[in-house]
Amino acid sequence: MSLLCGCWRWHKNSEFSRGEEHVGTVSTAQRKDELGPPSKSEMAADALLSTLEIVAETIPFPAVGTAVKAAVRLIEICQQVRESFEQADELKERVRGLSLVLVQGLSGKPVEEITDSLKRDIEQLQGDLHYIEEKLTDISKQHRILVILFKNANEEAVQKCLKRLDGSLSSFELSRQVQNATDLKKLESDIETYYKTLQATWENTEEMKRSIEEIKAILRNYNPEFRQEIKSTSRKPRFPPRSRIFYGRDELVYDLAKKLVPALNDTEQVFLALLGTGGMGKTSAALAVVEHQLVLERYGGSQTLDDILTELEPPSGKPALQPYRLLLLDNFETPWHLDSQREVEKLLLELMNISRLSIVITMRANQPPTDQKWEIELIKPVDADASARIYTEIYPKTSTKGLYELLDTVGHLPLAITLLAKYASTNQATPTRLLRDWRLEGPDVLTTTDDGADNMINKSIALSIDKPPMNKSTDALSLLNLLAFFPAPLPHEHLAEYWVPETINQLKAVSVLSKTALVELTDATVFVIPVVRSYIIRRTPQPDLVATRAHIHRVCCSLLALHKSSPGDDSYIADKAFISSQEVNFRCILLDATSEPIANVSPEILEALLTLSWHQCWTRPRLDLVEHTLSVAKKALNAKYEAESQACSAEMYFLLNQFDHAIERVSLAHSQFISLQDRRSAAGCTIRLIEYMMYKGDDMEVLSLADRARTEYGADDVLGQAMCTLFVGQIYWGEQEGLKARTHLEQAKVQFEQLGSRLELGRCLFFLARTYQEHPALALDSLSIALRLANEALDIFRQHGREEYITQCLTALATILKEDKQYSAALRTALQALDSAKSLGDSNGVSQALCQNGDILFRMGDYEGAQDALRKSLIALEGMADSFTKTRNKDRCNKVLAMIEEQSRSTYCEEDEEEEDGMGPCVERRFPGGTHLVAFPGL
634 MSLLCGCWRW HKNSEFSRGE EHVGTVSTAQ RKDELGPPSK SEMAADALLS
684 TLEIVAETIP FPAVGTAVKA AVRLIEICQQ VRESFEQADE LKERVRGLSL
734 VLVQGLSGKP VEEITDSLKR DIEQLQGDLH YIEEKLTDIS KQHRILVILF
784 KNANEEAVQK CLKRLDGSLS SFELSRQVQN ATDLKKLESD IETYYKTLQA
834 TWENTEEMKR SIEEIKAILR NYNPEFRQEI KSTSRKPRFP PRSRIFYGRD
884 ELVYDLAKKL VPALNDTEQV FLALLGTGGM GKTSAALAVV EHQLVLERYG
934 GSQTLDDILT ELEPPSGKPA LQPYRLLLLD NFETPWHLDS QREVEKLLLE
984 LMNISRLSIV ITMRANQPPT DQKWEIELIK PVDADASARI YTEIYPKTST
1034 KGLYELLDTV GHLPLAITLL AKYASTNQAT PTRLLRDWRL EGPDVLTTTD
1084 DGADNMINKS IALSIDKPPM NKSTDALSLL NLLAFFPAPL PHEHLAEYWV
1134 PETINQLKAV SVLSKTALVE LTDATVFVIP VVRSYIIRRT PQPDLVATRA
1184 HIHRVCCSLL ALHKSSPGDD SYIADKAFIS SQEVNFRCIL LDATSEPIAN
1234 VSPEILEALL TLSWHQCWTR PRLDLVEHTL SVAKKALNAK YEAESQACSA
1284 EMYFLLNQFD HAIERVSLAH SQFISLQDRR SAAGCTIRLI EYMMYKGDDM
1334 EVLSLADRAR TEYGADDVLG QAMCTLFVGQ IYWGEQEGLK ARTHLEQAKV
1384 QFEQLGSRLE LGRCLFFLAR TYQEHPALAL DSLSIALRLA NEALDIFRQH
1434 GREEYITQCL TALATILKED KQYSAALRTA LQALDSAKSL GDSNGVSQAL
1484 CQNGDILFRM GDYEGAQDAL RKSLIALEGM ADSFTKTRNK DRCNKVLAMI
1534 EEQSRSTYCE EDEEEEDGMG PCVERRFPGG THLVAFPGL
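Quick note, in our numbering, the sequence shown goes up one by one and the last residue is 1572.
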């Protein structure tokens, strides 16, 4: 197996071997084709350096001549590599300028005038030039594949040479004499004058004549040969060791290993691309795959590159005899996004044409680099358990409080988890503290130095943002800034239709973002991972951030206003689905719009907050957003929205079975609506107060409240009056006055049918069904009537998408079926009620549904199942505040549990008697409902 791991990164920290034999050169003709003939200025410059060599030999300090000769060699090497590296010319000019300074300053001086300090500076310069020469020589010897793949690493090496030369310039005393180009021209003139003096002195010397002739020949025939070594270094690449802390990837590694080792008759080559965002663990996964036993058995363990590179020129004539080899190209986006992408692609295709050579690449992208048939694997974050294991393995002493929330916040990105755990281990920071700091600072929480050089997360993200193709696309950067405001995946059609301004070309921008893997793309959505989101928001220039934020807030408010409807409205089902699909994003945007303590909150923002709060109330109640909405309304001194927020929070508390809080909030809302002279909203609060008090068990004042509501609605409000009639019937039902309840409910039913108020009609049918079920004397076939009415109510609730009512109706329907001895149908319906209550997070509904399941199972003879359901029902009640509803459910559960215990004792006694008669310990029993139970002693 042959590995080129980190091929543009590994050499960055490795010494290239030196002194290897040259196995080939590029011809002079080829040099002319590639570089063209030297310019006149280049010829003049290098002629001057040749002159410098001669003058330097006359200086009575040998290190000067050695340094100048090294400088001349460096100029030649810079000329060779200048087409490959942008900074080569800059390096050449600095060396040339330094040589001029050196020779001009010392020519003609006796040795005793050269100070010890100056001698040390010259010796340091000689050492620096030797170091630079070694580095550039290594680069010039690289195979053409390596020149392309290592371009970034080589550029960094040249940059290091420049910095080293700057050090010499700053310490070398004579450099202070050089201020500008005029000084250099004067130096050149001085050296030419001194050279002419030497020429006159040496004109009768044959050796000097030969030297002069050689210089003239150089000037006439200047054409430095461009040499390029094609033999690769023979040392084996040392890929970075895989971390021992590697969790959550076992199944992935095994699947990828199997892809790399298909049946021999299927294919001799596999091209595998591991793609995804930076920090996702692509390299670790790749190293784990190539170390897998399946892969080692197929490809072996060799790590040299010689055999692969040799195959390029010329290819082997016996492919069947070639061994199977595997090439790992890590961080392939680095060479792929260089300006020489066509040449990189050509080289990759040449590699792919080598017989029996399989290739694995890791790349920050969502698509592979070429159109060849790649096996593609998008590397995703690890799961929550693996994240926690990574964190606690690195920092075993950590607290677990807040840990999973912290891991969720960073999106379970392996790099972020690892760095946060290492950071916490150095300062004992708790997950809760890190979570708070992350929310304030984002990835900057990991920066401990003033220059930020130690922040690996920021470095990782910057690698994708600050280089091609991102830095060549303003559309991509603008779209990324916009997407950073969305914590959840955003549908493509929503992005195009609502969010992206016309000034951004969405298709081009998404294409660039996909190439860099700064977004995760599916067929339906686009998404930016949390760590990148946090980085972008904190790095976007403030004017751009303000403009983008204002645009997003405006669109969010308009969308929520467009889809604002209530249960019973024709558009409610569609509106609910739309808001639900983007609820996380809407919530994040609105919290962002109201996060500042002195934020100037517009009525549109308040309306949007209230719309989303009611949506949560009708789908899955929770308090955080509605409490925030109420707080914002109070700070904004907006009495209307404060009253509406109070009413919404009251309903939320009611659905969460916190009846005291619900009564308190709805009473406050009622008073505020009265102050605003909004009597209809006040009447609505009175109606809700009736229901809240009935659930709590305060029935004494509810009839008077119904009278108050009638007055507040006014006689002209037909719907309001019908609602009052419905609640009077509900009150009588709660008081077990069946006849009065039926009378009022039938009256309300007619009114709702005339008004076309379907949802309210459904509530009326629901309470009629319960009235007939609980009062058999009202009709001979009361259970049949109850069953029909309950099914009609359930259909209406499902048509209007009111989940709370669906749960209640399913529970009531299960009760009716149970009493009608349709146990199988009753059990199915009770299980549906349980699922519905769970989806709402309704502990009271869960308890009632479990209690029904337990009662039905008991009647079916499944004692063990019944006990399990009933005990879980009691557990569900533990978090509820004391109320009539809680007491009633608890009493029902305990009653059925007592019946099961009594029945079990009776069964055991009968079994003991039968054992004495020789019938054995295990007998079959038949229980009500016709089902069977095999009873064992001790059950």
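For glycine and all other residues, C-beta sits at the position ideal for the given N, C-alpha and C.
Can you check which of these residues, the options, is closest to residue i by C-alpha distance?
i: residue 1013; options: 1163, 1084, 1116 and 1027; result: 1163
i: residue 1168; options: 1095, 1039 and 1494; result: 1095
i: residue 1372; options: 1400, 1352 and 1348; result: 1400
i: residue 1154; options: 909, 1500 and 1515; result: 909
i: residue 1294; options: 1515, 1064 and 892; result: 1515
i: residue 1193; options: 1339, 1248, 1179 and 1070; result: 1248
i: residue 1321; options: 1310, 1311 and 1335; result: 1335
i: residue 1506; options: 1471, 1124 and 1062; result: 1471
i: residue 1535; options: 1003, 1496 and 1474; result: 1496
i: residue 1245; options: 1258, 1233 and 1235; result: 1258
Label residue i either buried or exposed according to how many other C-beta atoms from any shown protein chain fall within 10 Å of its C-beta, with 16 as the threshold for buried.
i: residue 580; result: Any question about residue 580 goes unanswered here, given that the chain covers just 634 to 1572.
i: residue 1135; result: exposed
i: residue 1006; result: exposed
i: residue 1539; result: exposed
i: residue 1363; result: buried
i: residue 1413; result: exposed
i: residue 1104; result: exposed
i: residue 753; result: exposed
i: residue 768; result: buried
i: residue 1152; result: buried
i: residue 1487; result: buried
i: residue 1111; result: buried
i: residue 931; result: buried
i: residue 1435; result: buried
Can you grab the Cα-Cα spacing for the pair residue i / residue j, in whole Å?
i: residue 1379; j: residue 1219; result: 42 Å
i: residue 1120; j: residue 1160; result: 8 Å
i: residue 1271; j: residue 1316; result: 21 Å
i: residue 1072; j: residue 1130; result: 31 Å
i: residue 1376; j: residue 1367; result: 14 Å
i: residue 1202; j: residue 1022; result: 49 Å
i: residue 603; j: residue 905; result: Past the edges of the chain, shown from 634 to 1572, lies residue 603, and the structure says nothing about it.
i: residue 1205; j: residue 1199; result: 6 Å
i: residue 630; j: residue 1222; result: Missing from the structure shown is residue 630; the chain here goes from 634 to 1572 and no further.
i: residue 1358; j: residue 1314; result: 18 Å
i: residue 1395; j: residue 1360; result: 13 Å
i: residue 1286; j: residue 1327; result: 15 Å
i: residue 1148; j: residue 1262; result: 40 Å
i: residue 1331; j: residue 1517; result: 8 Å
i: residue 1165; j: residue 1123; result: 16 Å
i: residue 1337; j: residue 1345; result: 13 Å
i: residue 1403; j: residue 1237; result: 43 Å
i: residue 1389; j: residue 1432; result: 14 Å
i: residue 923; j: residue 1010; result: 15 Å
i: residue 1146; j: residue 1128; result: 14 Å
For residue i, report the span of its alpha helix (DSSP H) as first-last.
i: residue 922; result: 915-923
i: residue 591; result: No answer is possible for residue 591: the residues shown for the chain start at 634 and end at 1572.
Considering only heavy atoms of the ligand SAH, does any lie closer than 7 Å to the CB of residue i?
i: residue 1082; result: In terms of ligand content, the structure shown is empty, and the ligand SAH therefore cannot be addressed.
Going by DSSP, what residue range makes up the beta strand (DSSP E) through residue i?
i: residue 1160; result: 1158-1160
i: residue 993; result: 990-996
i: residue 1008; result: 1008-1011
- Is there contact here, the region 1050-1063 with the region 1018-1031, by at least three beta-carbon pairs under 8 Å? yes
- Task: Please confirm if the region 1030-1041 is in contact with the region 1051-1069, defined as three or more CB-CB distances below 8 Å between the two stretches.
- Result: yes
- Query: Any contact of the region 954-973 with the region 988-997, i.e. 3+ C-beta pairs under 8 Å?
  - Reply: yes
- Message: I want to know whether the region 879-889 touches the region 913-931 - three or more CB-CB distances under 8 Å.
- Response: yes
- Message: Taking contact to mean 3 or more Cβ pairs, one atom from each stretch, closer than 8 Å, check whether the region 1299-1316 and the region 1524-1540 are in contact.
- Response: no
- Task: Answer yes if the region 1428-1446 comes into contact with the region 1477-1492, meaning at least three C-beta pairs across the two stretches below 8 Å, and no otherwise.
- Result: yes
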